[in-house]
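2 protein chains.
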Amino acid sequence: MCYYNKLDRHAKKLSRLGHLNAICGWDQAAMMPNGGAQARSEAMAELAVISHELATADYLEDWFKQAEAEDLTPEQRVSLDALKRQWMMQNILPADLVEQQSLAGSQCEHAWRTQRKQNDWEGFKANLKPVVELARKEASIRAQATGLSRYDALLDIYEPGMTSAVLDRIFAEVKSWLPQLIQQVEAKQATEIVLPLSTPFVIEQQQALSLEAMKLLGFDFEHGRLDISTHPFCGGVPTDVRITTRYDESDFTSALMGVIHETGHARYEQGLPQQWRDLPVGEARSMGIHESQSLFCEMQLARSSLFSHLLSPMIQKAFNSTDASLSAENLRLINTRVKPGFIRVDADEVTYPAHVILRYEIERDLIEGKIEVDDIPTIWDQKMTQYLGISTQGNFTDGCMQDIHWTDGSFGYFPSYTLGAMYAAQFMATINQQMDVELLVGQGNLTPIFEWLQTHIWNKGSTLSTDKLVEQATGETLNPEYFKQHLMKRYLNN
Amino acid sequence: MCYYNKLDRHAKKLSRLGHLNAICGWDQAAMMPNGGAQARSEAMAELAVISHELATADYLEDWFKQAEAEDLTPEQRVSLDALKRQWMMQNILPADLVEQQSLAGSQCEHAWRTQRKQNDWEGFKANLKPVVELARKEASIRAQATGLSRYDALLDIYEPGMTSAVLDRIFAEVKSWLPQLIQQVEAKQATEIVLPLSTPFVIEQQQALSLEAMKLLGFDFEHGRLDISTHPFCGGVPTDVRITTRYDESDFTSALMGVIHETGHARYEQGLPQQWRDLPVGEARSMGIHESQSLFCEMQLARSSLFSHLLSPMIQKAFNSTDASLSAENLRLINTRVKPGFIRVDADEVTYPAHVILRYEIERDLIEGKIEVDDIPTIWDQKMTQYLGISTQGNFTDGCMQDIHWTDGSFGYFPSYTLGAMYAAQFMATINQQMDVELLVGQGNLTPIFEWLQTHIWNKGSTLSTDKLVEQATGETLNPEYFKQHLMKRYLNN
Ligand SMILES: [Zn+2]
Ligand SMILES: [Zn+2]
């Protein structure tokens, strides 16, 4: 077991450097004064070089060969597989391609921050083209190494085991009912009267409310904290999870729902198996499963009618107000309002999948070489019109230039969002069969629900494939029917 | 210049890893929840290993040989000297000694935390003996390499260029007038009426006051911040200085004076020469010079009569109170109260040197082998009685077990505190000759005073020896007469 142990030790070393990177990255976003930026990025770049050297060290190939011949327990073999996958992912690309991608990505992303505001598609296009070219090269190399198609080889980075064949089938199904559902919900909600919030909401009170909500959802404050950053995220390490939010005095719901979302991510991290700490097999299974945990908290729980009854008194107490707009029923109306819009990150639960499917279809064809960068705005406009009934013609800012993902070449990530929503619905359907969720939520006793997630999801880390994980937890692999049923029930039957 | 550049690059790499260590160390003390401790220390230990490997790499000896033969500018030669000193300091000790010291130090310090509370000298002694033995070994090795005496070789770590011959002379002089001065001040202050503070002081208000004081003292908030930790310190990096304090609701002065003290350290760091960033030659000159900057702010400025007139309205505003205890005159009385006591960290400006001289004399003789660990309590008691007129017989908790320094083998550090006080007095005497300090402080215009420090101290980094630095700034090397004059004037003439 000598070489297995060496690899184990090596991975832990890398993970510990990742720990320092995570904390300094969190600090950069949440604590660091502006003047510290330059030296900080130099310091973090130095760490990245050291980590990269370690991750791509020559001797590792031999170590893996030796370790695979060793007498290992089944558990060790699973860990070794995860180690090998991580190593291959980090060694598959030639150094000069990685460097070109980093440069092209930085340049595209940096310019995008200005170009987006100026609706400058021509300028952006010029930077995006090399990024796409390099991503296609990356996809080819990964495809060759894995036997997957080019797009699937990128998808595999974020969703190991997922393929566009499966996504095509699932998303086709969603497309068969989603546009109609959106119209029905809009018609139904047209007669609803939603009371506007009486602003402002003091930041300190919102902060106290956020902490209350985190407590309710079982966030472990011995192993994490909440702070403020411009772009909310869940960072840190499993033993010390750092989530952030940003407060808007005119609307407490965005920060509150954001915190609840990040708390879902955080509980997954906090619940990962301790015996595999600092090893790939102990990490979160995939981006989609990660998102399923945040959306479980935000969508399945927090935006439900029953949960509004838990939140309403907390909110009234936090703001010391009994205004009618803060009633459970009005909160439910606010939290389930559906309206097709241009912006993905502002989208509601029902229209969100349309944004994702649109992006998936474009990036898939882009990587497979079926369309070119020049084609994007027209296709974007067509699909927006088809799925959501709104046109983005000439509006690049709120159209194909709205997301950061493509600017640095992160193709293959978008499907995770909707996969997460679907997994979350499927998990909740199973939990509903095993316990009286309505009763528990009504009592404010979420423990049994989270215990189910702890046992079936968090504790598994990456020891199972996503399909196996979901099958063992719910009795079947991903089935989008649960998501459909969830939306139908919440948005049409209520 | 190839090898000089290599060494320059190598040092910057080490410094950048030090940056990550500093931020994660700050986070550990100021932000991290308890549950993150284990993984954090593992991660930081990993970084320490990597840094140590880099700092002691085999190839460096050759690089230095090659670099010294290269055609360098005078400035580069100064930087190279500083690089070489740093390299030698990090490579002089055999790895097994460093490891033994680390183990013995950790064990002694860990047990001390309990033993001190229990007044358990016998238990502590058993752990301190190996620490002293190892420190003597370290001192011998350093003495052989530097040609210094054994104690001086340890002193040289913190105060390059300082020797016990100089300290003996200076401290003998201080001892010739200090005990009598203390008695005179006590007699004078016996008739003073100091109004007690009317507590409590709300933490948030103390925090706001701290930030106000930092602003007054020119702390650059673009390159630093203030937070809370159990043990206040000045950490971070020059471009992002992190100072901490802790608040006591029953007494705002401890946090306020603490913050002012740390602001002095911080301004030095923030003012270090940018062209030498990440290089040893760009670092603070010595511990004594560092302390001179904190004591300049705290002792020379903040505890002065005139400064009380600046602070008083700020304090009254912060706590929204015009209580007579917050008058400028009463604050001055509080801030200059002298009373011999057992505890160094609680000591006032006048009695503090006695605590330092006592420790210096003991650790000097301990390292030189003139006394043994068993002798410490008796000598401690004798010297406390002689210098401060109070006995610590049988009281180890408040006697020779009060400090953390010796537990992990940091012999040679204590003199820096009083050297700092002396340098601060000498700097202020010079500044007084060059500008009307009373007028400036009276106007609350501290800029010209800090500009002097920026030009003569901060901006020099480690480009000059301490003697040269002080001589160029003040016209002479360390002269304790200024400190004496300062104490006489403040504590007897007022
Ligand atoms: Zn998320
Ligand atoms: Zn200090």
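Just so you know, the protein sequences line up as chains A and B, in that order. For the first sequence, the residue numbers in our numbering are 1 to 494. For the second sequence, the residue numbers in our numbering are 495 to 988. Positions of the beta carbon are idealized from the N, C-alpha and C atoms, including for glycine.
- [ ] Return yes when the Cβ of glycine 519 of chain B is within less than 8 Å of the Cβ of threonine 901 of chain B, no when it is not.
- [x] Result no, Cβ atoms of threonine 901 of chain B and glycine 519 of chain B do not sit closer than 8 Å.
Open item on the list: Per the DSSP calculation, cysteine 234 of chain A is bridged to which residue(s)?
Closed with: A/Ile243
TODO: Could you name each continuous beta strand (DSSP E) segment of 3 residues or more that falls completely within the segment 365–417 of chain A, going from the start of the chain to the end?
DONE: none
TODO: Please list, following the chain, all residues that have a C-beta closer than 6 Å to any non-hydrogen atom of ligand 3.
DONE: Absence of ligand 3 from the depicted structure is noted, with ligand 1 and ligand 2 being the only ligands included.
Open item on the list: So with CB distances below 7 Å, who are the chain B contacts of isoleucine 23 of chain A?
Closed with: Cys518 and Asp521
Task: Close-in-space but distant-in-sequence residues of the same chain around tyrosine 652 of chain B (CB under 7 Å, 5 per side omitted) - done: Excluding residues up to 5 positions away in sequence, Ser780, Met781, Gly906, Tyr907 and Ser910 lie with their Cβ nearer than 7 Å to the Cβ of tyrosine 652 of chain B in the same chain.
- [ ] Step through the CB atoms of chain A and report whether any lies within less than 8 Å of the CB of arginine 607 of chain B.
- [x] no
- [ ] Compute the beta-carbon to beta-carbon distance between isoleucine 343 of chain A and arginine 136 of chain A, rounded to the nearest angstrom, for a pair I have assumed lies under 8 Å.
- [x] The pair is not a contact, with the Cβ atoms about 28 Å apart (cut-off 8 Å).
Task: Residues, ordered as in the chain, of the segment 848–864 of chain B that lie near chain A by beta-carbon distance below 7 Å - done: For the segment 848–864 of chain B, which is checked against every Cβ of chain A, not one residue is closer than 7 Å.
TODO: Compare the beta carbon distance of isoleucine 828 of chain B and threonine 747 of chain B with 8 Å and say whether it is the shorter of the two.
DONE: yes
Open item on the list: Taking DSSP's pairing of strands, which residues face glycine 718 of chain B in a bridge?
Closed with: B/Val735
- [ ] Over the uninterrupted alpha helix (DSSP H) stretch that includes asparagine 21 of chain A, give me the two end residues.
- [x] 2–30
Task: Residues from the segment 224–244 of chain A in contact with chain B, defined by Cβ distance under 7 Å - done: Gly224, Arg225, Val237, Thr239 and Asp240
Task: Rounded C-alpha distance that separates glutamine 887 of chain B from phenylalanine 944 of chain B - done: Answer to the nearest angstrom: the Cα atoms are 45 Å apart.
Task: With 16 other Cβ atoms within 10 Å as the buried cut-off, status of methionine 435 of chain A - done: exposed
- [ ] Determine whether the Cβ of arginine 267 of chain A lies closer than 8 Å to any Cβ atom of chain B.
- [x] no
- [ ] Taking glutamine 485 of chain A as the reference, give the member of A/Val350, A/Leu446, A/Tyr387 and A/Pro377 with the closest Cα.
- [x] Closest option to glutamine 485 of chain A, Cα to Cα, is A/Val350.
Task: Beta-carbon spacing of tryptophan 380 of chain A, isoleucine 362 of chain A below 8 Å - done: yes
Open item on the list: Judging by CA-CA distance, which residue of A/Leu311, A/Ala45, A/Thr430 and A/Met384 is the nearest neighbour of glutamine 443 of chain A?
Closed with: A/Leu311
Task: Partners in chain B for glutamine 38 of chain A, counting only beta-carbon separations shorter than 8 Å - done: The contacting residues are Thr733.
Open item on the list: Does the structure place the segment 426–435 of chain A close enough to the segment 169–189 of chain A that three or more beta carbon pairs sit under 8 Å?
Closed with: no
Open item on the list: So, at 7 Å on beta carbons, what are the nonlocal neighbours of glutamine 465 of chain B in its own chain, with the 5 sequence-adjacent residues on each side left out?
Closed with: Since the first residue shown for chain B is 495 and the last is 988, residue 465 of chain B is missing from the structure and cannot be characterised.
TODO: Take glycine 969 of chain B as the anchor and find which of B/Leu981, B/Asn953, B/Met922 and B/Val935 has the nearest alpha-carbon.
DONE: B/Met922
- [ ] Would you mind stating whether serine 292 of chain A and alanine 424 of chain A have Cβ atoms separated by less than 8 Å?
- [x] yes
Open item on the list: To the nearest angstrom, how far is the alpha carbon of phenylalanine 64 of chain A from that of proline 160 of chain A?
Closed with: 21 Å
TODO: Grab the span of the alpha helix (DSSP H) containing threonine 960 of chain B for me, first residue to last.
DONE: 960–968
TODO: Could you check what DSSP says for lysine 978 of chain B in three-state terms: helix, strand or coil?
DONE: helix
Open item on the list: Quick check: what's the CA-CA separation for arginine 332 of chain A versus serine 304 of chain A?
Closed with: 7 Å
Task: 7 Å Cβ cut-off: residues of chain B touching proline 33 of chain A - done: Phe715, Glu716, His717, Gly718, Arg719 and Asp734
Open item on the list: Classify histidine 19 of chain A: buried if its beta carbon has 16 or more other beta carbons within 10 angstroms, exposed otherwise.
Closed with: buried
TODO: Report the neighbours of arginine 337 of chain A on chain B: residues whose CB is nearer than 7 Å to its CB, in chain order.
DONE: Neighbours of arginine 337 of chain A on chain B: none; closest Cβ ~36 Å, over 7 Å.
Open item on the list: Taking 8 Å as the threshold (C-beta atoms), are isoleucine 697 of chain B and tyrosine 1037 of chain B in contact?
Closed with: No information on residue 1037 of chain B is available, as it lies outside the stretch 495 to 988 that chain B covers here.
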